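Numbering (the numbering used here), first residue to last: 216 to 468.
Backbone N, C-alpha and C define an ideal beta-carbon position, used for all residues, glycine too.
Everything numeric in this text was worked out from a predicted model, so none of it was measured.
First up is the structure itself, then whatever we jot down about it.
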Amino acid sequence: MGFLTFDPIYQLRPWGGRKLESYLHRTLPAGQVGESWDIVDRSEACSAVAKGLYRGKPLADLLAAHREWLMGPDWPPGQPFPILVKWLDCAERLSLQVHPPADIARKLNAEPKTELWYVAQADSGAALMAGLREPMTQLQFEQCLGSNAIEACIHRIPVRAGDALFVPSGRIHAIDAGNLILEIQENSDTTYRVYDWGRTGLDGKPRALHIRESLLCSDFEDVRPGLVPQAGPQDILADCSSFRVTRFRLAQG
Numbered sequence: 216m217g218f219l220t221f222d223p224i225y226q227l228r229p230w231g232g233r234k235l236e237s238y239l240h241r242t243l244p245a246g247q248v249g250e251s252w253d254i255v256d257r258s259e260a261c262s263a264v265a266k267g268l269y270r271g272k273p274l275a276d277l278l279a280a281h282r283e284w285l286m287g288p289d290w291p292p293g294q295p296f297p298i299l300v301k302w303l304d305c306a307e308r309l310s311l312q313v314h315p316p317a318d319i320a321r322k323l324n325a326e327p328k329t330e331l332w333y334v335a336q337a338d339s340g341a342a343l344m345a346g347l348r349e350p351m352t353q354l355q356f357e358q359c360l361g362s363n364a365i366e367a368c369i370h371r372i373p374v375r376a377g378d379a380l381f382v383p384s385g386r387i388h389a390i391d392a393g394n395l396i397l398e399i400q401e402n403s404d405t406t407y408r409v410y411d412w413g414r415t416g417l418d419g420k421p422r423a424l425h426i427r428e429s430l431l432c433s434d435f436e437d438v439r440p441g442l443v444p445q446a447g448p449q450d451i452l453a454d455c456s457s458f459r460v461t462r463f464r465l466a467q468g
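What follows is the structure, encoded as structure tokens:
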């Protein structure tokens with residue numbers, strides 16, 4: 216079967232931009248393209264093979280027909296592809312958000328979502344926001360939300376190209392403006408928006424917040440997380456129950 220590539224599925228976002236044109240040399244639809252779903256197997260969006268014998272075939276159909284070849288003999292029939300790979304072009308800051316851990320996701324009829332961010336390109340002054348600056352109670356966090364002082368509570372991490380951050384479920388987070396991010400995540404699209412910086416959506420209306428769910432899901436003891444250490448020609452960027460990501464640096468010549 217050989218290597219498979221897929222046609223990207225573009226998503227317009229109020230914080231999106233056009234960097235996928237200049238950095239990945241892609242032809243984009245009009246508008247603020249915030250996300251490119253490059254590998255996805257979901258009911259609302261499914262990757263199609265870009266070229267070759269299976270050109271145009273949805274990943275879900277390919278998996279059904281060649282399950283053992285793609286995933287091994289123990290992969291359950293009907294189980295979707297386990298990860299979602301996407302690009303994020305963050306021309307503006309994303310909403311402050313959180314994803315539910317598995318135990319809470321079950322209670323909320325939602326999906327858990329752990330992810331890895333790899334910074335492919337970063338403008339001068341770009342940063343990631345993750346975890347809390349100092350420990351606080353849920354009540355203190357709610358008070359910060361109510362007084363619009365939440366930004367001062369969130370840990371801010373300056374970044375440059377090549378940096379990586381692991382974002383487990385339960386970690387409060389946002390991506391600041393000026394980042395082009397490769398995101399590898401669980402196959403999930405559950406996001407609880409905590410705060411949206413007074414922004415409106417593409418329809419000109421404020422986007423919905425999910426305060427109750429966010430408070431249930433957030434880890435208020437998650438303080439000042441750091442970037443993934445990288446030192447050698449081969450670094451493990453993430454190793455969790457859902458996926459493992461290794462970065463290899465190729466020698467010249």
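Looking only at its chain, what residues have a beta carbon closer than 8 Å to the beta carbon of residue i, apart from the 5 residues adjacent to it on each side?
i	result
Glu236	Thr242 and Leu243
Gly271	Ala263 and Val264
Leu274	Phe221, Ile254, Val255, Asp256, Cys261, Ser262, Ala263, Val264 and Phe296
Gln449	Thr461, Arg462, Phe463 and Arg464
Gln353	Leu430, Ser433 and Phe435
Lys234	Asp304, Ala306, Gln336 and Leu395
Going by DSSP, which residues form a beta bridge with residue i?
i	result
Thr461	Ile451
Cys261	Asp256
Tyr269	DSSP output for Tyr269 lists no bridge partner at all.
Trp332	Leu380 and Glu398
Gln467	In the DSSP output, where bridge partners are listed per residue, Gln467 has none listed.
Glu250	Gln226 and Leu303
Gly232	Val248
Ala389	Met344
Leu274	Answer is none; Leu274 lacks a bridge partner.
Ala337	Asn394
Pro373	Ala342
Tyr407	Val313
Pro421	Thr415
Val438	Leu347
Phe221	Val264
In angstroms, rounded to a whole number, what distance separates the CA positions of residue i and residue j?
i	j	result
Asp391	Val255	24 Å
Asp276	Ile369	42 Å
Ser339	Gly232	16 Å
Glu357	Ala466	50 Å
Pro316	Pro288	28 Å
Ala279	Tyr269	13 Å
Met344	Thr220	32 Å
Phe458	Ala364	35 Å
Ala453	Gln355	31 Å
Ala337	Gly413	24 Å
Ala446	Leu299	27 Å
Gly246	Glu326	29 Å
Leu424	Leu360	11 Å
Val248	Tyr238	13 Å
Met351	His240	44 Å
Trp290	Glu401	16 Å
Ile426	Gly267	46 Å
Gly419	Gly293	39 Å
Gly346	Gly217	41 Å
Ile224	Ser362	38 Å
Would you mind stating whether residue i and residue j have Cβ atoms separated by less than 9 Å?
i	j	result
Tyr407	His314	yes
Ser403	Lys322	no
Trp302	Asp253	yes
Glu398	Trp332	yes
Ala341	Gly393	yes
Arg282	Leu417	no
Ile396	Cys455	no
Ala320	Ser251	no
Arg308	Ala367	no
Gly441	Ile372	yes
Can you list, in chain order, the residues of its chain whose CB lies under 6 Å from that of residue i, leaving out five sequence neighbours each side?
i	result
Ser429	Val313, Tyr407 and Val409
Pro421	Thr415
Ser433	Val313 and Ile387
Ser310	Arg408 and Asp411
Looking only at its own chain, which residues have a Cβ that is under 7 Å from the Cβ of residue i, when we skip the five neighbours before and after it?
i	result
Glu349	Val438
Val443	Ala379, Leu380, Phe381 and Leu452
| task | For the stretch 369-383 and the stretch 447-462, state whether three or more C-beta atom pairs, one from each stretch, are separated by less than 8 Å. | result | yes
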